[in-house]
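> Provided herewith is a single structure, encoded as structure tokens, for subsequent inquiry.
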Amino acid sequence: MAGGFVQVRIPGPIPDGLTVFETMRREADGRIALWPLHLARLRRGCAAVGFPLDEARLAPTLAALPQGAVLRTRL
0 MAGGFVQVRI
10 PGPIPDGLTV
20 FETMRREADG
30 RIALWPLHLA
40 RLRRGCAAVG
50 FPLDEARLAP
60 TLAALPQGAV
70 LRTRL
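If you count by numbering that gives the first Met the number 0, then the sequence shown holds residues 0 to 74, one letter each, in order.
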């Protein structure tokens, strides 16, 4: 098990309701702790199940969160 995760390929069609998400810590200054690692894991998860990842929407989505507080954030 590399990097604290297990990657699984789903054979056949993707089951209805299957989602890919990443939970991370957003600091009060707006940055995501360990962002490169979270982004890499999100990319791997999406690739494993064949989901598209619209990376152009990530920064604006995260920037729209309230400022000034530490948040548990899930994409």
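Just so it is clear, CB atoms sit at the ideal spot from N, CA and C, and this is done for glycine as well. On a predicted model such as this, the values are computed, not experimentally measured, just so you know.
Measuring alpha carbon to alpha carbon, tell me which residue in Leu57, Arg71, Gly67, Val48 is nearest proline 12.
Val48
> Have a look at leucine 70 and arginine 24 and give me their C-alpha separation to the nearest angstrom.
6 Å
> Straight-line CA distance for alanine 27 to proline 51?
29 Å
> I need the straight-line Cα distance from cysteine 45 to aspartate 15, nearest angstrom please.
15 Å
> Taking threonine 60 as part of the alpha helix (DSSP H), name the residues at either end of that continuous run.
57-62
> Which residue marks the beginning of the alpha helix (DSSP H) containing arginine 40, and which one marks its end?
Unbroken alpha helix (DSSP H) run through arginine 40: 34-48.
> Pick from Thr22, Val19, Phe20, Ile31: whose alpha carbon is nearest that of alanine 62?
Ile31
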